[in-house]
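Asker: Residue numbers (this note's numbering): 20 to 1139.
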């Protein structure tokens, strides 16, 4: 590929590169150690290492072309190649197209300038082609074949993209290819006869970050299951990292965080993921977050242009971004200027002459925006007119577009929609903000605070006259400065709606809130019960929530939202936030503000596990380490900051600051998002740094912060003293220094305002992996604690078994199109019930782990074992049940193993399997699932209480059922062998078959066959003796005699004889055996006892399973 010309100093580089070809102006070089037999020896390996660390121009390519000027040590790198064929094409092109031209130049400087310009032109041309076309299909097809051949993954595994890079094995770089697929990060290298192959599943990654140090210039660090992997020398490391980050987060959400995944229709089919689709998705997410647009908006086009700002009479350079329903603009410096234009507001779209290439968009309210220097502006105007259904205006458009005086009020359309919506729901919904009802401004009492408030309003009115008012206002640095000072009480609701983007949601859904209120009225569930409990705990000191008016409005908003979004329902802290929203916004507006906070601005905060809040706490800890290192050194346990800051994030400081100060924080939050909360948190710790450094424990630090919050005031708040919490708390505490919230917010912006939204987004993605894996580790520890008490397996064996159990569940759904998110996983359930497997998944694990899997009827054994473990008949088993079976197979005594086999051959586990004998003993997936669900009458002594399954309907957990279940388990005595049912004739025949199959290929196979024949004969004689008087012509006598004669014959002959005799005597009285009879008979045969008591190495089996578990998926028919 052609490279942007860069200088290379060759004076000391001869040991790193070997010259393959050269002429007067160009040199083709090969990196030492590449393409040489034996790899160039130790010298080649060392030079390759030094080259990758020190020579940044080489990147990862083993070939390069340099442009040289005579009598100079400075060369220019102009091309590189991954193989000799690629670089040879570049060399031939230079010889054919450039060499003949260079002879006409007189000076070396002219030659160099010409070559540089030509190479830049080639790069630009390649860039156009790559933008219009996907990756080369032939190259991608070749890479796909290598991927499939190297890793042996199922053909359903979708390769997204691949990159050349180096994997660092210790301090040695291994050049190879990294393959990014939907479920795995894979790396393959084969150099100098050494093969390196890595397969890392995205769901196992706990850390993914870009790093750099002395040895590694810039690399990607991947941490999975305690192992660290470093990949470096990418040609496009930022692009690679972005795709890896997206794929890892997609896998995490799909498998661990189903709640948010179900609300995301974009990536619901893992087989449709593409590199371009992921890139477009990333850009759309950034676009929606930047302009606070609905999540459904996707970025369609980006145009570089200039926006005319009428009040400064200047053009500002930036990007015009267009989605389905919005035209947005952001300057290169994001804080300088931004604009959002909903297409519903657009009246006309015009263009000017060729000289300015301007697009003029006229909107309601007699306002217009002029975008200059727009490439392909005519085509853009045509498309926008089609989108909006508008045409050009009849009048001539002036090149001076200004904001008219009429723009000081919101658009007529928005006002009309709002009034219509209010009329529709006026019967049940409050149409006034609670603050205007309970604290109307009294113009007669003008004190200094009221005058300051009026001055604030005047400043905003001046801003509105310059920048416009409503959704399409210019947002500038002046806007931010006014927000930091605190939004006036009368404008707070309107501007919260504007800055949060909630006004867009409300405008797109007129009448929606009133409908949801009517539908949710009278509903009763766990969410409504929790809401009722918390209603009077929401700002109880405020008069608005001491009256039925405020309480009723709060109830309606919370209940309506729980009805709208049952995945979240209701979460504590939502009541506190909503009560503040109701003070300043109308009821319907408060609802849409709550929607904006819960679903866009604070994603995943208000679900069962508050993952979003935990992620932002981890981001906060990372920022503390970066900005306040001395505090990090003093506070050795960083979890302190997590425990203290949780309420800060969940309630936006409302729960810790006085209400009159907290609303200023909410102002900044709606303008800047989570960045404002992070900045303020850092400023608070910085303000109290000296005191915190003197604390000896967490309790002292908490006391310091609580005293600080008590001292925070809002000296400019116009609220009456009866409402202000800060004034009440600080009465009689004049000796303590007070802190004004406005000064604190200003300080946070000055010190930490350089935080970028892009960096916060990247930190959120990075820490999300860590938080999810930490929660999973907590689940595992709790499961280990419970299960380890009931089994003989060691803790290490249990942990490895748990990893295999969970991995099988994930593998089953990696390539499942029918169910894009993970089934049988509910993090709201008790730890043991969070992961459960079905019969098909159990069969795979049984084949891999069971010491009895060598049996010819292993599928039948797997089926019966599953049915035995599935006590509640829901066709699922948890890890405790699974581990108990494995424990008996490996660590059980002779009696325990025999009892397990016995129970497999009697109901409810046993069911007769009728299938086509031509297909062998293996069961198809359909047959397996059918027989696993087949109902078989249970023995009469089974209690109904044992079969009760706790209700797990969405949003509800049957706690009483779980308590009852646990009590039954605690009170359950060890099962007596006398409680086991008797085994009838057909079951005993199948039991005998199973024993014969288990002995196959054992070292004592013949002795075991003879022993089982003796035992069977003995049992039948005992049965015959017991019923001689009852049935003189018993079939047992014949069978016993035959078996005595058949001792030492083949198992097939014995089985056929048993079946033939059983079929001929169906009409006669059935004989049966008790477990005690079978146990006593088998104990008489030492060879049988030795077989069941011999030690089996579980550790080796687990290691083999971990290696072969993924390979087994290629042999299993994948269906859902």
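Just so it is clear, CB atoms sit at the ideal spot from N, CA and C, and this is done for glycine as well.
Every value quoted in this text rests on a predicted model; they were computed, and no experiment measured them.
On a Cα-Cα basis, can you pick out the residue from 358, 93, 878 and 589 that is closest to residue 551?
Answerer: The residue with the shortest Cα to Cα distance from residue 551 is 589.
Asker: So, helix, strand or coil for residue 194, using DSSP?
Answerer: Residue state, collapsed to three classes: strand.
Asker: When burial is assigned at 16 or more other CB atoms within 10 Å of the CB, is residue 968 buried or exposed?
Answerer: Caution is warranted here: a pLDDT of 48 is assigned to residue 968, below 50, making its placement in the model unreliable, and the coordinate value is therefore given only provisionally. It counts as exposed.
Asker: To the nearest angstrom, report how far apart residue 1092 and residue 1130 are at their CA atoms.
Answerer: Rounded to whole angstroms, residue 1092 to residue 1130 spans 43 angstroms at the Cα level.
Asker: Which same chain residues end up closer than 6 angstroms to residue 691 when comparing Cβ atoms and leaving out the 5 residues on each side of it in sequence?
Answerer: Around residue 691: no qualifying Cβ.
Asker: With DSSP collapsed to three states, give me the class of residue 975.
Answerer: Residue confidence for residue 975 is low, a pLDDT of 47 falling below 50, so the modelled location carries little weight; the figure read from the coordinates is stated next. It is coil, neither helix nor strand.
Asker: Name the two residues that bound the continuous beta strand (DSSP E) containing residue 505.
Answerer: Residue 505 -> no beta strand (DSSP E), and no H or E assigned at all.
Asker: Go ahead and pull the three-state DSSP assignment for residue 531.
Answerer: Residue 531 falls in the helix class under three-state DSSP.
Asker: Output the distance between the C-alpha atoms of residue 247 and residue 644, rounded to the nearest integer angstrom.
Answerer: Computed Cα separation, rounded: 22 angstroms.
Asker: Just verifying my parser: in three-state terms, what is the DSSP assignment at residue 766?
Answerer: In this structure, residue 766 counts as helix in the three-state DSSP scheme.
Asker: Nearest to residue 396 by CA position, among 322, 330, 142 and 367, is which residue?
Answerer: When only C-alpha atoms are compared, the closest one is 322.
Asker: What runs of the beta strand (DSSP E), each 3 residues or longer, lie entirely inside the segment 158-223?
Answerer: List check, beta strand (DSSP E) in window: 178-188, 191-200, 203-210 and 213-220.
Asker: Can you give me the Cβ contacts of residue 1026 inside the same chain, cut-off strictly under 7 angstroms, excluding the 5 residues immediately before and after it?
Answerer: Once the five neighbours on either side are set aside, the close Cβ partners of residue 1026 are 1106.
Asker: Which same chain residues end up closer than 8 angstroms to residue 517 when comparing Cβ atoms and leaving out the 5 residues on each side of it in sequence?
Answerer: The residues are 489, 490 and 492.
Asker: Out of curiosity, what's the CA-to-CA distance linking residue 662 and residue 266?
Answerer: Going by the C-alpha atoms only, they are around 30 angstroms apart.
Asker: Closest to residue 51 by CA distance: which of 42, 80 and 23 is it?
Answerer: Of the listed residues, the one whose Cα sits closest to residue 51 is 80.
Asker: From 829, 523, 804 and 1132, pick the residue whose C-alpha is nearest to that of residue 818; which is it?
Answerer: Measuring from the Cα of residue 818, the nearest candidate turns out to be 804.
Asker: Between which two residues does the beta strand (DSSP E) harbouring residue 339 extend?
Answerer: 333-341 is the span of the beta strand (DSSP E), which, as asked, contains residue 339.
Asker: CA-CA distance, residue 1040 and residue 997?
Answerer: Using only the alpha carbons, I get a separation of about 22 angstroms.
Asker: Could you tell me the distance, in whole angstroms, from the CA atom of residue 4 to the CA atom of residue 687?
Answerer: Because the chain here runs from 20 to 1139, residue 4 falls outside it and cannot be looked at.
Asker: Using a Cβ distance threshold of 8 angstroms, determine whether the segment 523-530 contacts the segment 560-580, with at least three qualifying pairs required.
Answerer: At 8 angstroms Cβ cutoff, the stretches do not touch.
Asker: Please state whether DSSP places residue 156 in a helix, a strand or coil.
Answerer: The answer is helix: DSSP assigns residue 156 an H, G or I state.
Asker: Alpha carbon to alpha carbon, what distance is there between residue 351 and residue 35?
Answerer: Answer to the nearest angstrom: the Cα atoms are 42 angstroms apart.
Asker: At which residues does the alpha helix (DSSP H) containing residue 240 begin and terminate?
Answerer: Per DSSP, residue 240 belongs to no alpha helix (DSSP H); it is in the beta strand (DSSP E), 238-243.
Asker: Identify whether residue 36 lies in helix, strand or coil by the three-state DSSP scheme.
Answerer: Strand at residue 36.
Asker: May I ask you to report which of helix, strand or coil DSSP gives residue 793?
Answerer: Helix at residue 793.
Asker: Buried or exposed, going by whether 16 or more other CB atoms sit within 10 Å of the CB of residue 535?
Answerer: Classification for residue 535: buried.
Asker: On the DSSP letters alone, give me the boundaries of the alpha helix (DSSP H) that residue 100 sits inside.
Answerer: No alpha helix (DSSP H) contains residue 100, which is instead part of the beta strand (DSSP E) from 93-100.
Asker: With a cut-off of 8 angstroms on the beta carbons, I'd call residue 543 and residue 564 a contact; round off their distance for me.
Answerer: Not quite, the Cβ-Cβ distance comes to about 23 angstroms (not below 8 angstroms), so this is no contact.
Asker: How many Å lie between residue 1099 and residue 820 at the Cα?
Answerer: Cα to Cα, residue 1099 sits roughly 34 angstroms from residue 820.
Asker: In this structure, does DSSP put residue 875 in helix, strand or coil?
Answerer: Correct three-state label for residue 875: coil.
Asker: Assuming residue 324 is part of the beta strand (DSSP E), what are its boundary residues?
Answerer: From DSSP, the beta strand (DSSP E) with residue 324 extends over 320-328.
Asker: Where does residue 495 fall in DSSP's three states?
Answerer: Three-state DSSP puts residue 495 in a strand.
Asker: Using the Cα positions of residue 907 and residue 268, report the straight-line distance between them to the nearest angstrom.
Answerer: Taking the straight line from one Cα to the other gives about 39 angstroms.
Asker: At the level of alpha carbons, what is the spacing between residue 227 and residue 241?
Answerer: Residue 227 and residue 241: Cα-Cα distance of roughly 5 angstroms.
Asker: What are the boundary residues of the alpha helix (DSSP H) that includes residue 648?
Answerer: Here the alpha helix (DSSP H) through residue 648 covers 648-653.
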